[in-house]
Amino acid sequence: MTIHIRQLTKTYKLGVERVHALAGVDLDITQNEFVAIMGASGSGKSTLMHILGCLDRPTTGSYDLNNKPMHKMGSAGLARVRNEEIGFIFQSFELLNRASALKNVMLPMIYSRKHWLTARSRAKRALERVNLADRIGHKPNQLSGGQRQRVAIARALVNEPSILLADEPTGNLDSTTTNEIIDLFKQLHDEGQTIVIVTHEEEVASHAQRIVRLRDGIVESDHPTAEDPIHRRWLAGAAAAAQEAADNTEPRPSQGHDTPATGASA
Ligand SMILES: Nc1ncnc2c1ncn2[C@@H]1O[C@H](COP(=O)(O)OP(=O)(O)O)[C@@H](O)[C@H]1O
Ligand SMILES: [Mg+2]
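Per this note's numbering, residue 28 is the first one in the sequence shown, and the count goes up by one each step.
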């Protein structure tokens, strides 16, 4: 089991106030799964992703990553796991503006004893994987939004993580660019990558194999995408809308003066 979570809680303290961001989450994710996490704003998606990504630790409960207990690790141990096992992608890209695409992708390897000798060639290869071989010298402000997110994905992939975590990776992108990024995730999944992605768009979730919905810090539902009731309703609505659009653009026979009757001009 890649991810094995039991009764996970996270409570934030704000002065005397307590926010129960996660209130007892159970979740298992196996190797090479492609999972979408959905849920209303404030339901705990980012909190869960941060714990999965070893950026934060739970208040109570257990989190095993590749059979190792993350909830028992100290910050140095978590930092090492983060560097070696996790690729994290943020909505806001989080790139260094003054550094080229290549330098941005090399960053995770600065601290890696295993990789620093080959950092440059590995970074180049990661940029090739996301189809940015021709942009390695560009800085973030010389790239489009989609290209910036692809640099961030290359950076997340460069240490060959066992899981790729993406928190609303298409939240700042238009629909064409969103499709481009989703295609890239599908390609990485086909190549064997385990992927967990947070999204509020059913369209994006439709490409995942499984949808986990959070509500008030617990798992409200967990279904294969094709069996998720909310997703099925959305699919039916999308199909009806597409049909209606097709009906409206189809030329009606009575208006067919542009198309001569068969044989009339022969
Ligand atoms: N650092 C924090 N300190 C206090 N409360 C937080 C913090 N981060 C998140 N929260 C609260 O925890 C809850 C879950 O937040 P979050 O995980 O960001 O939800 P989502 O990503 O689903 O929108 C929200 O009520 C939010 O206000
Ligand atoms: Mg969030």
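Ideal placement from N, C-alpha and C gives every residue a C-beta, glycine not left out.
heavy atom of ligand 1 below 6 Å from residue i C-beta
i, result
"S248", "no"
"T87", "no"
Any non-hydrogen atom of ligand 2 within 6 Å of residue i CB
i, result
"S139", "no"
Residue i, DSSP secondary structure in three states
i, result
"T86", "coil"
"E277", "coil"
"V178", "helix"
"I163", "coil"
"I116", "strand"
"A235", "coil"
"A67", "coil"
"Q34", "strand"
"L211", "helix"
"T221", "strand"
"K40", "strand"
"K99", "helix"
"A193", "strand"
"R45", "strand"
"R140", "coil"
"A126", "coil"
"P256", "helix"
"L262", "helix"
"Q198", "This sequence places Gly at residue 198; Gln is not what is there. It is coil, neither helix nor strand."
"S248", "strand"
"L105", "helix"
"V157", "coil"
"V185", "coil"
Presumed contact (8 Å Cβ cut-off) between residue i and residue j, rounded CB distance
i, j, result
"N131", "N186", "At roughly 14 Å, the Cβ-Cβ gap does not stay under 8 Å, so N131 and N186 are not in contact."
"L191", "Q214", "Wrong, their Cβ atoms sit about 12 Å apart, outside the cutoff."
"T226", "M65", "6 Å"
"L241", "G71", "5 Å"
"Q236", "V62", "7 Å"
"P167", "R175", "5 Å"
"A232", "T252", "7 Å"
"G304", "T36", "There is no way to answer for residue 304, as the model of the chain reaches only from 28 to 293."
Any chain C beta carbon closer than 7 Å to residue i
i, result
"M136", "No chain C is part of this structure, which consists of one protein chain only."
At least three beta-carbon pairs within less than 8 Å, the region 46-59 to the region 30-38 | yes
Around ligand 1, which residues pass a check of Cβ closer than 6 Å to any of its heavy atoms?
-> Cβ-based neighbours of ligand 1 within the cut-off: Y39, L41, V46, A48, G66, S68, G69, S70, G71, K72, S73 and T74.
Could you tell me whether the region 169-179 touches the region 115-129, using the rule of 3 or more Cβ pairs below 8 Å?
-> Yes: at least three Cβ pairs fall under 8 Å.
Touching by the beta-carbon criterion (3+ pairs, under 8 Å), the region 87-97 and the region 238-256 = no
Mind the definition here: the region 78-86 touches the region 150-169 only if three or more C-beta pairs lie below 8 Å; say whether that holds.
-> no
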